[in-house]
Ligand code: NAD
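Numbering (my numbering), first residue to last: 671 to 1124.
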């Protein structure tokens, strides 16, 4: 098996650089260094751990442009997105730098003494990252884990290791001690699996496909290892007849074509109330055609770039080929991995393009009859990550938001991920929650101690 991986620029398919893939022995050595670094990191005074995280945030902030440029090259992200993503790493570190001094236990009334709880870090945490948002997803794992006093080994996706490697270097530059955050590019089947099987790794945070997530969970069961899973999605954007249709149609492309649709929260199913279905499509068409699809390295105003790889383009094209395509946007004539924004009409809920996560710039549109039908259709999926509801009726917004089985919903908006609010999936979209004020607790065990006063 080769031990290097050639990273390609997805906009042009040209090689960028070769990256060494860690072997099993190197993975073991990194895990053992993380285990050795754990007691010192755990026992650091909370204010000192906080100070180091703030310093890490500052160093990331000083490198936002460099990190963004690297992501544009490695992942084909638009410059605007890549800058946001690097800034999100900084913000996560800043936010969780407030956690070490606030890792509260509780005092619980009991007779005959004092009962207190402690939040103790689990130990070494393995973070496994997919290729679609290499920087934010890494930080959503490592920032709260480090704040809780855990040490971290992190494996980026094979296709997108460059920003993660750089973040590992910046951590050292900021004074985070060696062994506390180790970035290990490598194969899922080698390094990722080793995080699952190595007994010194006490928790795995996995973001990726549902199929691999199930395998990770099954592997973790063997050691009753803690696991958080952030998996796939097939989220619904529900548009009622009473909604501001212009606003809903203008926002819909961004909700699914952002990051070329390679977004677990993509609203890739649009449900439109039957009476406004045709009108909505009339409004959607110019909005889709207006999406600026361009080489992100050459056009700083590009709104959508290429897919990550030739394989991903093949997968996505497979869905387009079998679909009833209503209209598409554009894509540049470049040798990279391009697919234009595509809108498909669906009348049968068994259609692949309606049921399966495409993970590309393809959205499927279907009519619904009333509120109950909208909720039933939105929930007719094994996934439950996010979704949107467009209506002017507040009561309906609330009823539908409570009725849709998904972890992250937005009303008259497509926003879903903020580092200070919880994020995660229902059903097969995941297990556990990331982000928000509670995230550091997910990297701790709660210990209860009773002290007799007698
Ligand atoms: P993937 O499951 O193929 O890979 C994800 C990561 O797991 C990679 O780092 C990979 O190397 C590693 N991996 C592969 N096999 C492994 C194994 N046997 N053991 C341990 N690790 C292994 O997913 P992908 O194709 O990189 O990413 C796309 C998927 O990720 C989509 O399904 C998407 O919905 C999902 N995703 C979910 C979220 C979320 O927050 N819910 C966010 C981003 C992406």
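C-beta atoms are modelled at their ideal positions from N, C-alpha and C, and glycine is treated no differently.
Counting only runs of 4 or more residues that sit fully inside the stretch 833–914, the alpha helix (DSSP H) segments are 863–867 and 880–891, in chain order. In the assembly as shown, residue 883 is a buried residue. Its beta-carbon has 16 or more other beta-carbons within 10 Å.
In this chain, residue 937 is not harboured by any alpha helix (DSSP H), its DSSP state being neither H nor E. Under the three-state reduction of DSSP output, residue 1070 falls in the helix class. DSSP lists 677 as the beta-bridge partner residues of residue 687.
The three-state reading of DSSP puts residue 1103 in coil, since its state is none of H, G, I, E or B.
Residue 999 sits away from residue 930, with the two beta carbons spaced by 8 angstroms or more. For residue 708, the enclosing alpha helix (DSSP H) stretches over residues 694–713. Residue 757 has its Cβ no nearer than 7 angstroms to any heavy atom of the ligand NAD. For residue 751, the uninterrupted alpha helix (DSSP H) segment begins and ends at 749–766. Under the 10 Å beta carbon count, residue 980 is surrounded by fewer than 16 other beta carbons and is classified as exposed.
Judged by their CB atoms, residue 725 and residue 845 are nearer to each other than the 8 angstroms cut-off. Excluding residues up to 5 positions away in sequence, 998, 999, 1000 and 1001 lie with their Cβ nearer than 6 angstroms to the Cβ of residue 1010 in the same chain. With a cutoff of 7 angstroms, residue 722 does not count as near the ligand NAD, since its C-beta is closer than that to no heavy atom of the ligand. Counting only residues of its own chain and dropping the five nearest sequence neighbours on each side, residue 800 has a CB closer than 7 angstroms to the CB of 807, 827, 877 and 878. Residue burial annotation: residue 811 is buried, with at least 16 other C-beta atoms found within 10 angstroms of its C-beta. When DSSP states are grouped into helix, strand and coil, residue 785 belongs to the strand group. Closest by C-alpha distance to residue 895, out of 871, 712 and 1004, is 871. Contact check for residue 1063 and residue 912: beta-carbon distance about 6 angstroms, within the 8 angstroms limit, so the pair qualifies. Minimum Cα-Cα distance from residue 1098 among the listed residues 756, 718 and 934 corresponds to 934.
Take residue 862, set aside five residues on each side of it, and the residues of its chain with a beta-carbon closer than 6 angstroms to its own are 798 and 825, in chain order. In this structure, DSSP gives residue 1060 an extended state, which the three-state scheme calls strand.
For the ligand NAD, a non-hydrogen atom lies closer than 7 angstroms to the CB of residue 902.
Closest in alpha carbon position to residue 993, among 1016, 743, 708 and 722, is 1016. In this structure the stretch 913–926 touches the stretch 1052–1063; the number of beta carbon pairs closer than 8 angstroms is three or more. Taking 7 angstroms as the cut-off, the C-beta of residue 711 does not count as close to any heavy atom of the ligand NAD. Not one heavy atom of the ligand NAD falls within 7 angstroms of the beta-carbon of residue 694. In the DSSP assignment, residue 990 falls within the unbroken alpha helix (DSSP H) covering 980–991. 1089 is the residue among 779, 1124 and 1089 whose C-alpha sits nearest the C-alpha of residue 758. If you draw a straight line from the Cα of residue 713 to the Cα of residue 857, it is about 33 angstroms long. Between the alpha carbons of residue 1104 and residue 746 lies a gap of roughly 26 angstroms. Rounded to the nearest whole angstrom, the C-alpha separation of residue 1109 and residue 770 is 12 angstroms.
Annotation: residue 860 to residue 787 spans about 38 angstroms, alpha carbon to alpha carbon. In this structure, residue 868 lies away from residue 1121, with their beta-carbon atoms at least 8 angstroms apart. In the DSSP assignment, the residues bridged to residue 1037 are 942.
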